[in-house]
Each structure stands twice: as structure tokens, then as C-alpha cells.
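End of the sequence shown sits at 291 in our numbering; the numbers just go up one at a time, nothing left out. All C-beta atoms in this analysis are idealised placements derived from N, C-alpha and C, irrespective of residue type, glycine included. Everything below concerns the one structure shown next.
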Amino acid sequence: MALALLGLGLGAGRLEAEPYPHRWYYYQVNLAEPRNLEAAIALADRAARAGLNGMVLADAKFMTLAKYRLDDPKGTYAAHVRSLLAACGRAGIEVIPAIQTVSKAHGVLVYDPNLAEGFEVRDAVFEVRGGQARVAPDPAVRIADGGFESFTGPRFTDWRYQDDPGKATLPDPAVRRSGRSSIRLEPAGAARLGQCRINQRLGVKPHRYYRVRVWLRTEGLQ
């Protein structure tokens, strides 16, 4: 969907509308994939026809090219970037690279996660023993049916939301770590973008850092 953006100003007793000079749209894409390049070029042409003039382009690999061996100027990735820049130039779309750090999987934190800012913690309790003060852990947070064993048909009864029960997410009694089942994720059966999500609300304390452990079967995983 394209939006026409207008600025409003007062003058001579009447309301006048003036176009914003910067009419940008945000586009996050993996430019390593040829089909994504084609989609990005098509969207740039569509945006130009709608009156937009800038693309805020985000690809998580912009700050990690060397890490993933995509920094060869003669390589496929560089060719895709040049193709998109050329197409945007023809369409009159300015490209504004978006370089941001979201997690240790992105940006400079791929090289050293210790560069991340620490989490704020308030009112932490310390216990002093043997001349050392150590943080006294808060009570563990309980995850209902963390082993994925409570279900009716394809739906897990203790979980709040589940993507495409029976197709993208479903109980699997044949493969399990303990108990009687596990959850099986089938991206091919998902209705949208291969999403296989499941979630529930948990009671936690503010200004705390929690660690979640997950067991995955990786045998045969592609």
C-alpha cells in the first residue's frame, strides 16, 4: 500500500497542503536471494509510480558481509546490490541504508556480543558468603506444559497461541525428549511465510534477565 503524505501549513487565512520533500518507505530484505532482488526492484518501480522518492533499505548482512563471506565485490551479493541501486536510480528512488543492531545475531555483535549494552537490573538481592557477594536468584518462572504433552487433537491446551494447528505445529508422540510427546514444526504446512509459532503469557519481574532453555532435535534437519 502506498501513502500520499501531505504537510499542512497556515497562510493568508486558509489551509494549504504542501508535499513532503522526503517520501520514503522502509524495506527489509535478504538480498542474497535472487527472488528477493526481483521483488525489491518491482516494489521500487511501484513506489515511484505512487509518488514516493526514497527507500530505507535494511539487510541484516550490511554489517556482517565479511563474517558470511559476502564481501567479494565480484560476488553474487554485490551484484544484487548494484542491480537494486541501478533500478532505484532509474526510478528516482533514493536508497538510504539502514544499519542497526538488534541482537547478537546482527551487526557488530556478530563479531563480539560483549559490545552490547548491559540490561538494567533493579533491586537485586545479593547474598554474602565467604567474602563474596552473589546474586540470589529469583524464583524460577514456570512454563505451563513446557514438554508439550498436554493437547487435544492437534492443539496444545496450555499454550495461548499456536500457528496452524495440525499443519504447521502439531504434537509428535514418536519423537520426544521426555514424557509422551514433543512439538513438531512443519514450515511447509504454514499458511504464512513458514511461520511455526507458539506462545503463552508468563509472569516475570521487571528489570530482570531471564534465560530460556530449549531442546531441539537436529538430526536430519536441513
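Counting only residues of its own chain and dropping the five nearest sequence neighbours on each side, glycine 235 has a CB closer than 6 Å to the CB of Pro223. Beta bridge pairing from DSSP links methionine 124 with Tyr94 and Val164.
Tyrosine 137 is not bridged by DSSP to any residue. The beta carbon of serine 247 lies closer than 8 Å to those of Gly216 in the same chain, with the five residues before and after it left out. The alpha-carbon separation between isoleucine 110 and leucine 100 amounts to approximately 11 Å. Taking a contact as a CB-CB distance under 8 Å, the pair glutamate 255 and alanine 237 counts as one, their CB atoms being some 6 Å apart.
Secondary-structure assignment with DSSP links threonine 238 through a beta bridge to Pro234 and Leu254.
Comparing C-alpha distances from glutamine 97 to each of Asp207, Lys130 and Ala155 shows the shortest one belongs to Lys130. When the alpha-carbon of alanine 260 is set against those of Ala209, Asp233, Asp140 and Ile267, the nearest one is in Asp233. The Cβ atoms of histidine 276 and glutamate 163 do not sit closer than 8 Å to each other.
Nearest C-alpha to valine 204 among Asp192, Ile252 and Val210: Asp192.
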